[in-house]
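Take 48 as the starting number for the sequence shown in the working numbering and just add one per residue.
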Amino acid sequence: MKVKSAEFIKSVFSQNGYPSNSLPEIAFAGRSNVGKSSLLNVLMGRRGLARTSNTPGRTQSINYYLVNSGLYLVDLPGYGYAKVSKSVRAGWGKLVGEYLAGRQELILTVQLVDARHPPTDHDLQLFEWLRANKRESIVAATKSDKLSANALKKQLAVIKAAFPGAAVLPTSAQKAKGIEEIWQEIDDSIEKCKIKVALS
Numbered sequence: 048m049k050v051k052s053a054e055f056i057k058s059v060f061s062q063n064g065y066p067s068n069s070l071p072e073i074a075f076a077g078r079s080n081v082g083k084s085s086l087l088n089v090l091m092g093r094r095g096l097a098r099t100s101n102t103p104g105r106t107q108s109i110n111y112y113l114v115n116s117g118l119y120l121v122d123l124p125g126y127g128y129a130k131v132s133k134s135v136r137a138g139w140g141k142l143v144g145e146y147l148a149g150r151q152e153l154i155l156t157v158q159l160v161d162a163r164h165p166p167t168d169h170d171l172q173l174f175e176w177l178r179a180n181k182r183e184s185i186v187a188a189t190k191s192d193k194l195s196a197n198a199l200k201k202q203l204a205v206i207k208a209a210f211p212g213a214a215v216l217p218t219s220a221q222k223a224k225g226i227e228e229i230w231q232e233i234d235d236s237i238e239k240c241k242i243k244v245a246l247s
């Protein structure tokens, strides 16, 4: 997909705030500071559109970005950051859980994991939850440019073993690596969705 336009639409803090125009949605989920905002900016070709932060846990809302007037990229709050309050973590969990479970417009979740480290328990729990709820998902292994070719090969083997059956794409926001591959997965999901609608 060639990105011709991209813009921030809104931040959502409850189910009442979702857009109502029924466009397909691609969600981006991962633990805090895994590089979601940086990857989103490269995908959209708009530096700084998705705000990045050195403070883990800063994103506390679901943020919607409209691409080519026909698709939403959805930035979900980061998980697994211990230094926020229990009430805030509970709020995030409820908001994200309701979105992932009930949002009909969601056609694909891109789960981000740090290529330099083994997947965390939170990463594995999200993957299993998506599978149990029959949600389409792929895995983006971020910050892959920080590893040597040999080290990356070993880490990707670990990640693929942890996420059986999932497409695992090595990515780097800094090097714009894996961007075309993610867009191809998104395009494929859109086509699958069109076929389902046509057959229903």
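Virtual Cβ for every residue (Gly too), placed ideally from N, Cα, C.
Opening and closing residue of the beta strand (DSSP E) in which residue i lies
i: Ala252; result: With the chain covering only 48 through 247, there is no way to say anything about residue 252.
i: Ser58; result: 53 to 59
Sequence-distant residues of its chain with Cβ nearer than 6 Å to residue i (five each side left out)
i: Leu199; result: Ser191
i: Tyr126; result: Arg78, His169
i: Ile73; result: Leu120, Leu155, Ile233
i: Val205; result: Pro165
i: Lys181; result: none
i: Phe60; result: Ser108
Simplified DSSP assignment, three categories, for residue i
i: Asn27; result: The requested residue 27 does not occur in the structure, where the chain is confined to residues 48 to 247.
i: Tyr65; result: coil
i: Lys224; result: strand
i: Leu142; result: helix
i: Gly77; result: strand
i: Leu123; result: coil
i: Leu118; result: strand
Proximal residues to residue i (C-beta, below 7 Å), its chain only, five neighbours per side dropped
i: Gly82; result: Leu159, Thr189, Lys190, Ala220
i: Glu145; result: Gln62
i: Ser194; result: In the sequence as displayed, the identity of residue 194 is Leu instead of Ser. Ala162, Arg163, Gln202, listed in sequence order.
i: Lys207; result: Val215
i: Ala129; result: Any reading at Ala129 must be qualified, since the residue scores a pLDDT of 46, below 50, and its modelled position is unreliable; the value itself is stated next. Here the set comprises nothing.
Beta carbon proximity, residue i to chain D, threshold 9 Å
i: Pro165; result: In the displayed structure, chain D is absent; only one protein chain is listed.
Own chain, CB closer than 8 Å to residue i, minus 5 neighbours either side, in chain order
i: Tyr112; result: Ala53, Glu54, Phe55, Ile56, Leu87, Met91, Leu96, Ala97, Tyr119, Leu120, Val121, Asp122
i: Leu173; result: Ala76, Tyr126, Gln158
Residue range of the alpha helix (DSSP H) that includes residue i
i: Met91; result: 83 to 91
Review point. In chain order, which alpha helix (DSSP H) runs of at least 4 residues are fully inside the stretch 153 to 197?
Key: 168 to 179
**Study point:** At least 3 beta-carbon pairs within less than 8 Å: the stretch 225 to 233 vs the stretch 184 to 204
**Key:** yes
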